[in-house]
Amino acid sequence: EKVRAQLLAEVKYFWDEPKLFAKQLVKEALYQTHPYSKNALGTQKAIESITQKDLIAFYKKYISPQGAKIAIVGDFDTYNLPALLKNTLD
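Right, here's the structure in full:
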């Protein structure tokens, strides 16, 4: 709810500042139904409608360690690095 309140405050500020929303109005006129016409902040209605269930579903669908790579540097002579990583990441 704290993040939601921050986002709503950002959207309100955006539409209260002519320098900010003028650019958005131009994008909407130029791009019309194309995704470039959308405001990256979203809308008040969209922000208010997002639920915890929506966030969890998004996370499960798009956030994955699949294909991730990790680089580890340093002096690890005194550590069993494979075991430490297995215990930490599993």
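Take any residue in the sequence shown, count from 1 to its spot, add 383: that is its number in my numbering.
Yeah, the Cβ is synthetic: ideal placement off N, Cα and C, and Gly gets one too.
Own chain residues within Cβ distance below 6 angstroms of residue i, not counting five before or after
{"i": "valine 394", "result": "Leu424 and Gln427"}
Neighbourhood of residue i by C-beta, 7 angstroms cutoff - its chain only, sequence neighbours within 5 removed
{"i": "tyrosine 414", "result": "Ser420"}
{"i": "alanine 451", "result": "none"}
Residue i to residue j span [Cα, whole Å]
{"i": "lysine 385", "j": "tyrosine 442", "result": "19 angstroms"}
{"i": "alanine 405", "j": "tryptophan 398", "result": "9 angstroms"}
{"i": "phenylalanine 459", "j": "leucine 472", "result": "17 angstroms"}
{"i": "tyrosine 396", "j": "isoleucine 439", "result": "28 angstroms"}
Proximal residues to residue i (C-beta, below 8 angstroms), its chain only, five neighbours per side dropped
{"i": "leucine 390", "result": "Leu424, Gly425 and Ile430"}
| said: I'd like the ranges of any alpha helix (DSSP H) spanning at least 4 consecutive residues and lying wholly in the segment 412-456. | reply: 427-432 and 435-445
- Item | Sufficient close CB pairs (3 or more, under 8 angstroms) joining the segment 399-419 to the segment 427-438 | no
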